[in-house]
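What follows is a single structure, written as structure tokens, with notes after it.
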Amino acid sequence: MPAIRIGINPISWSNDDLPSLGGETPLDTALAEGKAIGYEGFELNGKFPKDAQGVAEVLRPYELALVSGWYSGQLARRSVAEEIEAIAAHVQLLAHNGATVLVYGEVADSIQGQPIALVERPRFHTEQAWQEYADKLTELARFTLSQGVRLAYHHHMGAYVESPQDIDQLMRRSGPEVGLLFDSGHCYMGGAEPLEVLRRHVGRVCHVHFKDVRKPVVQLARNQLWSFPDCIVNGTFTVPGDGDLDFAALLQVLLGAGYQGWLVVEAEQDPAVAPSEVYARKGYDTLRALLASAGHGRAAR
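Sequential numbering from 2 applies to the sequence shown in the numbering used here.
Here you go:
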């Protein structure tokens, strides 16, 4: 099994936060097109079954792996015990299907799906609040690890952990059990140079979303105080190879640190404007070429 595998998130075909974007597209269409392109696995979305056996049955005909799956956490408002109870079934679903990482997104107080300017996102305002949250997260991550699945924390627009300073705080205060999901697009949109953030925290990275950005559109989003849905429908994000981020440099850092795991192509955009199969293929071809040039050609078939 190659150390690096290329997967994709179904968001290229249909968007859970904005169901009008690709909502009519069946999951089978995404799986068939993704397999034909060359992807080895898919992350979950809302169109997958909610039980472990159902997920296995959906993926089996396409010989696709389950990469991971987003979990909407509320640890900023819940106790660890409440969160463990809530997350347990999702952890079991992932483990049953061979996934070793869980995408944890904090949605308590988040505005990511709302028409609210991103500057209004929630924040931890005190050292105590940061530490209490990080301590709870570490305890939750110990639980998921005990089940064979590592928590991969997704820094995300509109949420408590968005900026490079937020990422630094969380990594400094949480234990090594807490893995980092590095998302290049959210990293740049959150105000960071992705390469610098990756270099600082590559030792904690256990999952990667390779999302590109169109920098002129990012500047519009900041100047006009867009919401996250505004960013999506106006083309802030795209697949690797179609925007302005340097994925060769990011990949070099990952490989230099011995990263083993998935590179997931993900781009929240409107499939009516950016046709799903065309852009999914562009993202795959870009990553496959970069891996081949780095001597990892067998990472993709």
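Virtual Cβ for every residue (Gly too), placed ideally from N, Cα, C. Since the model is a prediction, treat every value here as computed from it, not as a measurement.
Requested in this report: Report the residue ranges of all alpha helix (DSSP H) runs contained in full by the region 198 to 254; include only those spanning at least 4 residues, in chain order.
Outcome: For secondary structure counted as the alpha helix (DSSP H) over 4 or more consecutive residues, the region 198 to 254 holds these complete runs in sequence order: 216 to 224 and 229 to 234.
Query raised in the report: Ordered along the chain, which non-local residues of its own chain (more than five positions away) have a Cβ less than 6 Å from that of His210?
Result: Sequence index remark: in the sequence shown, residue 210 carries index 209 (1-based). Cβ within range, chain order: Asp184, Val265 and Glu267.
Requested in this report: Work out the CA separation of Val214 and Thr237 for me, nearest whole Å.
Outcome: For this step, residue 237 is matched to residue 236 along the sequence shown. For this step, residue 214 is matched to residue 213 along the sequence shown. Roughly 6 Å between the two C-alpha positions.
Query raised in the report: Can you list, in chain order, the residues of its chain whose CB lies under 7 Å from that of Arg200, leaving out five sequence neighbours each side?
Result: Taking the sequence shown and counting its residues from 1, one reaches residue 200 at position 199. In the same chain as Arg200, and ignoring 5 residues on each side of it, the C-beta atoms closer than 7 Å to its own belong to Val254, in chain order.
**Report entry** Cα-Cα separation between Ala300 and Asp247, rounded to whole angstroms
**Finding:** The residue labelled residue 300 in the question sits at position 299 within the sequence shown. The residue labelled residue 247 in the question sits at position 246 within the sequence shown. Residue placement at Ala300 is poorly supported in this model, since its pLDDT is 47, which falls under 50; the coordinates still yield a value, given next. Cα to Cα, the separation comes out at about 20 Å.
Query - Leu138, DSSP secondary structure in three states - result: Counting from 1 along the sequence shown, the entry for residue 138 is found at position 137. Of the three classes helix, strand and coil, the one that applies to Leu138 here is helix, per DSSP.
Query raised in the report: Skipping 5 residues on each side, what residues in its chain have a beta carbon closer than 6 Å to that of Val162?
Result: Along the sequence shown, read from residue 1 onward, the residue named residue 162 stands at position 161. Around Val162: His156 and Leu171.
Query raised in the report: What are the uninterrupted segments assigned as beta strand (DSSP E) that are 3 or more residues long and contained completely in the region 72 to 152, given in chain order?
Result: When DSSP assignments are scanned along the region 72 to 152, the uninterrupted stretches of beta strand (DSSP E) that are 3 or more residues long and fall wholly within it turn out to be 102 to 107.
Query raised in the report: From which residue to which residue does the beta strand (DSSP E) around Asp184 run?
Result: Translated into positions along the sequence shown, residue 184 becomes position 183. Unbroken beta strand (DSSP E) run through Asp184: Gly180 to Asp184.
Query raised in the report: Who are the Cβ neighbours of Arg174 in its own chain at under 7 Å, not counting the five residues just before and after it?
Result: Counting from 1 along the sequence shown, the entry for residue 174 is found at position 173. Here Arg174 has Trp131, Gln132 and Ala135 as same chain residues with Cβ atoms under 7 Å from its own Cβ, once five neighbours each way along the sequence are excluded.
Query - Arg302 versus Asn224 - alpha carbon distance - result: The sequence position of residue 302 within the sequence shown is 301, counting from 1. The sequence position of residue 224 within the sequence shown is 223, counting from 1. With a pLDDT of 44 at Arg302, under the threshold of 50, the modelled position of this residue cannot be trusted; read the value that follows with caution. Taking the straight line from one Cα to the other gives about 42 Å.
Query raised in the report: Which residue from Val108, Gly99 and Met158 puts its Cα closest to that of Gln75?
Result: For the purposes of this step, residue 75 is taken as the residue at position 74 of the sequence shown. Considering only alpha carbons, the answer is Val108.
Query raised in the report: Skipping 5 residues on each side, what residues in its chain have a beta carbon closer than 8 Å to that of Ser228?
Result: For the purposes of this step, residue 228 is identified with residue 227 of the sequence shown, where counting begins at 1. Closer than 8 Å at the Cβ level, and outside the excluded window around Ser228, lie Ile112, Gln115, Pro116, Ile117, Ala118, Leu119 and Gly159.
Query raised in the report: Taking all protein chains shown into account, do 16 or more other C-beta atoms lie within 10 angstroms of the C-beta of Ala293, making it buried, or fewer, making it exposed?
Result: As a working note, residue 293 is residue 292 in the sequence shown. By the 10 Å Cβ count, Ala293 comes out exposed.
Report task. Give me the Cα-Cα distance between Ala31 and Ala4, rounded to the nearest whole angstrom. Result -> On the sequence shown, residue 31 is found 30 positions in, with the first residue counted as 1. On the sequence shown, residue 4 is found 3 positions in, with the first residue counted as 1. Taking the straight line joining both Cα atoms gives about 25 Å.
Query - 6 Å CB neighbourhood of Arg151 in its chain, flanking five on each side removed - result: Stepping through the sequence shown from its first residue, residue 151 is reached at position 150. Leaving aside the five residues that flank Arg151 on each side, the residues in its chain whose CB is nearer than 6 Å to its CB run, in chain order, Val102, Gly180 and Cys207.
**Report entry** Same chain, Cβ closer than 6 Å to His297, neighbours up to 5 away in sequence not counted
**Finding:** Here residue 297 is taken as the residue at index 296 of the sequence shown, counted from 1. For His297, where only same-chain residues beyond five positions count, the Cβ hits under 6 Å are Ile5.
Report task. Using only alpha-carbon positions, find the residue among Gly149, Gln270 and Gly24 that is nearest to Asn1. Result -> The structure shown has nothing for residue 1, since the chain only spans 2 to 302.
Requested in this report: Could you please give me the residues that DSSP links to Ile9 through a beta bridge?
Outcome: Stepping through the sequence shown from its first residue, residue 9 is reached at position 8. As a beta-bridge residue in DSSP terms, Ile9 pairs with Phe43 and Val266.
Query raised in the report: Where does Tyr63 sit, in a helix, a strand or coil, going by DSSP?
Result: Within the sequence shown, numbered from 1, the residue matching residue 63 stands at position 62. Helix.
Query raised in the report: Grouping DSSP H, G and I as helix and E and B as strand, with all else coil, what is Tyr285?
Result: The residue given as residue 285 occupies position 284 in the sequence shown. Judged by DSSP in its simplified three-state form, Tyr285 adopts helix.
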